[in-house]
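Student: Count along the sequence shown from 1, then add 18; that gives the number in the numbering used here.
Below: one structure in structure tokens.
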Amino acid sequence: MEPDWQAVPPTEGTFHSMFQVIMKILIADDDQTTRRILLAVLKKAGFEVVICCDGCEALQALQSEGPPMLAILDWMMPGMDGVDICRTLRTSEAAVQPYLILLTCKGFQEDVVSGLESGADDYIVKPFSADELLARIKVGQRVLGLQSALAARVEELTKSNQSLAEAQAIAQLGQQQLLQAEKMAALGFLLAGIAHEINNPNGLILLNFPVLMEAFRDAEPILEKHYHDHGDFSFAGLPYSKMREELPEMFDDLLESARRIKRIVDDLKNFTRRDDASFEETLDLNELVQTSLRLMGTMLRDSTENFSAQYADALPKIKGNGQRIEQVVVNLLMNACQALEDKSQRITVQTSFDEQKGMVEFLVKDEGVGILPEHVLHLTSPFFTTKREKGGTGLGLSLSERIVTGHGGTLTFASEQGKGTTVRVALPAQKER
């Protein structure tokens, strides 16, 4: 049902020059004579007028889209009076509130106080003069103008504060990156020395251990003959019947362990080396992921009993900086481990190629706690973290995104709280020449 209130357009008048802005004014009065007087005065002053015959119509008009910003309300009206309208509007959560003037026959002080306490901004006592009415409207215009200017200034300051906060965040991020680069450089020098100290004895092991294995194989026929001729005997403090089965496996395990030490040291040297390389290396994403998994082996074993990795065959090469991409993979794996609540939950790693988009992809999926929907959009914002109590800085994913986008790729997240998170890194495949 359409409302009964109606808008009356303004007319030219001698009072129009008093006001810098033509306003739409609502009048609500159940008395037809009063409405006609108000309408005549306001139209002559150049205002657009919305006429309402009772309080319910007035409230509907004031709560509509693009409402009048100034209202003259009769105190006594059927259904809903002017005081009720004031109370209702002042308890609403509307960002912009109209200027309300009560029109009343009650001129006693306690009545005036009661009306103002209900939420009215001003009042006029009947009978009134046109000059008084227009003067009070002018006050209302001035108040509304100041409120509008204040709101605009607050919005301007809010935007300025946001810009300042963003600038500070960027500056702090740059400082953190500089400190991190200095730490990585220092760690690289330190690790070079440690790697040298580890690789020297480990190199001797790798060099001499095959000789020991060959010596045992040469001695094995003699030991076997002695065992068959004289029965079991002690060998290295244990029965030879047991050692003859376990010793070859022990040799293989020790040799593989020495090789693993070499791989780990080499991976750490590559991961922490001072990075002056360009982004023009030709890289195999499968190899980068495997290197990162070796670095994260202990943490993965401590975090989950259900880890799986699936590598795409004939994966196209990518162009970039291998160390930087390894940093991204390690960071995503670390986040996945930290998201798990018990070791039965799964982590899955997968590489693939989207031929249609020409993108080589790396996916990390965990069955951890998941992320709140309102947090997903902020995951790569500098200093945003859901792990503050665990020492999280909120820089890992921000830096990862910068690395990925610096390679022309994308970093995306899909998460459901209580079910886990999937992170996808997509990097442009190197075009075949």
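Glycine residues also receive a C-beta, built at the ideal position from the N, C-alpha and C atoms.
It should be emphasised that the depicted structure is a prediction, and the values quoted were computed from it without experimental measurement.
Using 8 Å for Cβ pairs, my map puts Gly97 next to Cys123. What's the rounded Cβ distance?
Tutor: Rounded, the Cβ-Cβ distance is 19 Å, inconsistent with contact.
Student: Would you mind giving the Cβ-Cβ distance between Pro116 and Ala89, rounded to the nearest angstrom? I have them listed as a contact below 8 Å.
Tutor: Indeed they touch by this definition, with Cβ atoms about 5 Å apart.
Student: Which ranges would you report for the beta strand (DSSP E) in the stretch 91–166 if only whole runs of at least 3 residues count?
Tutor: Counting whole runs of 3 or more residues, the stretch 91–166 contains the beta strand (DSSP E) stretches 117–122, 140–143.
Student: With a Cβ-Cβ cutoff of 9 Å, do Met314 and Leu351 count as a contact?
Tutor: Contact: yes.
Student: So what does DSSP say about Asp384, is it helix, strand or coil?
Tutor: In this structure, Asp384 counts as strand in the three-state DSSP scheme.
Student: Tell me whether Ser178 sits in a helix, a strand or coil according to DSSP, three-state version.
Tutor: Helix, per DSSP.
Student: State the DSSP-derived secondary structure class of Asp372, mapped to helix, strand or coil.
Tutor: Strand, per DSSP.
Student: Quick check on DSSP: helix, strand or coil for Cys355?
Tutor: Correct three-state label for Cys355: helix.
Student: What does DSSP give as the partner residues of Met377 in its beta bridges?
Tutor: Asp372, Pro446, per the DSSP bridge assignment.
Student: Just to confirm, are Asn304 and Ile365 a CB contact at a threshold of 9 Å?
Tutor: Going by C-beta atoms, Asn304 is not nearer than 9 Å to Ile365.
Student: So if DSSP puts Gly438 in a beta bridge, which residue, or which two residues, is it bridged to?
Tutor: According to DSSP, Gly438 bridges with Glu434.
Student: Under 8 Å by Cβ, that's how I've got Ile468 and Ile279 pegged, so tell me the actual separation to the nearest angstrom.
Tutor: The structure shown has nothing for residue 468, since the chain only spans 19 to 451.
Student: Going by DSSP, what residue range makes up the beta strand (DSSP E) through Lys457?
Tutor: For residue 457 there is no data in the structure shown, the boundaries of the chain being 19 and 451.
Student: Using 8 Å for Cβ pairs, my map puts Val382 next to Gly436. What's the rounded Cβ distance?
Tutor: At roughly 18 Å, the Cβ-Cβ gap does not stay under 8 Å, so Val382 and Gly436 are not in contact.
Student: What are the boundary residues of the alpha helix (DSSP H) that includes Glu75?
Tutor: Counting along the chain, the alpha helix (DSSP H) containing Glu75 begins and ends at 73–80.
Student: Which one or two residues does DSSP pair with Leu44 in a beta bridge?
Tutor: Its beta-bridge partners are Val68, Ala89.
Student: Exposed or buried, Asn226, counting other C-beta atoms within 10 Å across all chains shown (16 or more means buried)?
Tutor: When all chains shown are included, Asn226 counts as exposed.
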